[in-house]
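Notes follow the structure.
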Amino acid sequence: DAGITQSPRHKVTETGTPVTLRCHQTENHRYMYWYRQDPGHGLRLIHYSYGVKDTDKGEVSDGYSVSRSKTEDFLLTLESATSSQTSVYFCAIRAPGTTREQFFGPGTRLTVL
Amino acid sequence: GESVGLHLPTLSVQEGDNSIINCAYSNSASDYFIWYKQESGKGPQFIIDIRSNMDKRQGQRVTVLLNKTVKHLSLQIAATQPGDSAVYFCAENMGGSEKLVFGKGTKLTVNP
């Protein structure tokens, strides 16, 4: 998984609780991404980062925030989890330059009851 | 493993046959395309990519064809093996954008 780890791998939580998912990379890549994957929707971009403290929204960013205080870590936070945020969350990284391929982590399965 | 799609298009082939997986993309301004393979319980794995200035690109046992006129992409897998069983996604990107837009995927099953 290209030097990417995600934690936790599985989490069950209750509606209204805050949740933070962590993505850690050992590749020192500048670009990092958070996606969610749902049946019938494929993978959809939530937020991405193009450097420490530099982030931007994707297509499904409502209800999510991110932070990147170090090159190697990209955190995704659900301030108040809802059942619609039950999903599998994937982190991805990309090397800078002309390449555009993204490499994905193993995923976190989040269930919001 | 995780369920990646309850109503995915499916393709079932016999071991040793060639497989062709198709994808229609949406943005005529997209100039970069990727195919990913996703096995149950794992993250998507890069297979091959192609830029819009090419019509065809070959890798090891895989070939990607791009038809910009009809906004169509295909992935051909030669001599399909049981280990090729997975969900395959195409993704498109427009230059200057960080956003990869994914298709909904095709489930390939290889029968021994």
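Protein chains in written order, with our numbering: chain A, 939 to 1051; chain B, 461 to 572.
Backbone N, C-alpha and C define an ideal beta-carbon position, used for all residues, glycine too.
These figures come from a predicted structure and were not determined experimentally.
In chain B, which residues lie with their C-beta within 9 Å of the C-beta of residue i?
{"i": "residue 986/A", "result": "558 and 559"}
Applying a beta-carbon distance threshold of less than 7 Å, which residues of chain B neighbour residue i?
{"i": "residue 1051/A", "result": "Neighbours of residue 1051/A on chain B: none; closest Cβ ~18 Å, over 7 Å."}
{"i": "residue 980/A", "result": "549, 562, 563, 564 and 565"}
Assuming residue i is part of the beta strand (DSSP E), what are its boundary residues?
{"i": "residue 1002/A", "result": "Residue 1002/A -> no beta strand (DSSP E), and no H or E assigned at all."}
{"i": "residue 980/A", "result": "980-989"}
{"i": "residue 482/B", "result": "479-484"}
{"i": "residue 553/B", "result": "546-553"}
{"i": "residue 527/B", "result": "522-527"}
{"i": "residue 518/B", "result": "516-518"}
{"i": "residue 474/B", "result": "470-474"}
Would residue i be called buried (16 or more neighbouring beta carbons within 10 Å of its own) or exposed?
{"i": "residue 530/B", "result": "exposed"}
{"i": "residue 498/B", "result": "buried"}
{"i": "residue 504/B", "result": "buried"}
{"i": "residue 1006/A", "result": "buried"}
{"i": "residue 484/B", "result": "exposed"}
{"i": "residue 514/B", "result": "exposed"}
{"i": "residue 520/B", "result": "exposed"}
{"i": "residue 472/B", "result": "exposed"}
{"i": "residue 948/A", "result": "exposed"}
{"i": "residue 461/B", "result": "Its pLDDT being 33, under 50, residue 461/B is placed unreliably in this model, and the value from its coordinates should be taken loosely. With fewer than 16 Cβ atoms within 10 Å of its Cβ, residue 461/B is classed as exposed."}
{"i": "residue 470/B", "result": "exposed"}
{"i": "residue 992/A", "result": "exposed"}
{"i": "residue 1025/A", "result": "buried"}
{"i": "residue 544/B", "result": "buried"}
{"i": "residue 1037/A", "result": "exposed"}
{"i": "residue 561/B", "result": "buried"}
Within 8 Å (strictly less), CB to CB, does residue i reach chain D?
{"i": "residue 1038/A", "result": "Looking at the structure shown, chain D is missing, and the protein chains on hand are A and B."}
Which chain A residues sit within Cβ distance under 7 Å of residue i?
{"i": "residue 434/B", "result": "The requested residue 434/B is not part of the displayed model; chain B covers only 461 to 572."}
{"i": "residue 513/B", "result": "Ordered by position in chain A, no residue passes the 7 Å Cβ test against residue 513/B, which lies about 13 Å from the chain."}
{"i": "residue 553/B", "result": "1038"}
Does the distance from the C-beta atom of residue i to that of residue j stay below 8 Å?
{"i": "residue 547/B", "j": "residue 565/B", "result": "yes"}
{"i": "residue 1023/A", "j": "residue 1004/A", "result": "no"}
{"i": "residue 511/B", "j": "residue 496/B", "result": "no"}
{"i": "residue 540/B", "j": "residue 570/B", "result": "yes"}
{"i": "residue 984/A", "j": "residue 961/A", "result": "no"}
{"i": "residue 1020/A", "j": "residue 1001/A", "result": "yes"}
{"i": "residue 1039/A", "j": "residue 494/B", "result": "yes"}
{"i": "residue 568/B", "j": "residue 508/B", "result": "no"}
{"i": "residue 1041/A", "j": "residue 981/A", "result": "no"}
{"i": "residue 1010/A", "j": "residue 944/A", "result": "no"}
{"i": "residue 988/A", "j": "residue 973/A", "result": "no"}
{"i": "residue 1047/A", "j": "residue 967/A", "result": "no"}
{"i": "residue 986/A", "j": "residue 994/A", "result": "yes"}
{"i": "residue 490/B", "j": "residue 552/B", "result": "yes"}
List the residues of chain A whose Cβ lies closer than 9 Å to the Cβ of residue i, in chain order.
{"i": "residue 494/B", "result": "1038, 1039 and 1040"}
{"i": "residue 509/B", "result": "1037, 1038 and 1039"}
Beta carbon of residue i: closer than 7 Å to some heavy atom of the ligand ADP?
{"i": "residue 957/A", "result": "The ligand ADP is not part of the structure shown, which contains no ligands of any sort."}
Name, please, each residue of chain B whose Cβ falls closer than 8 Å to the Cβ of residue i.
{"i": "residue 959/A", "result": "What residue 959/A touches in chain B: nothing, since even the nearest Cβ is about 14 Å away."}
{"i": "residue 1014/A", "result": "What residue 1014/A touches in chain B: nothing, since even the nearest Cβ is about 15 Å away."}
- Task: Could you run through the stretch 1020-1049 of chain A and flag, in chain order, every residue whose CB is less than 7 Å away from some CB of chain B?
- Result: 1026, 1028, 1038, 1039, 1040, 1041, 1042, 1043, 1044, 1045 and 1047
- Item | Under 9 Å (Cβ pairs) to chain B, residues found in the stretch 995-1011 of chain A | 996 and 997
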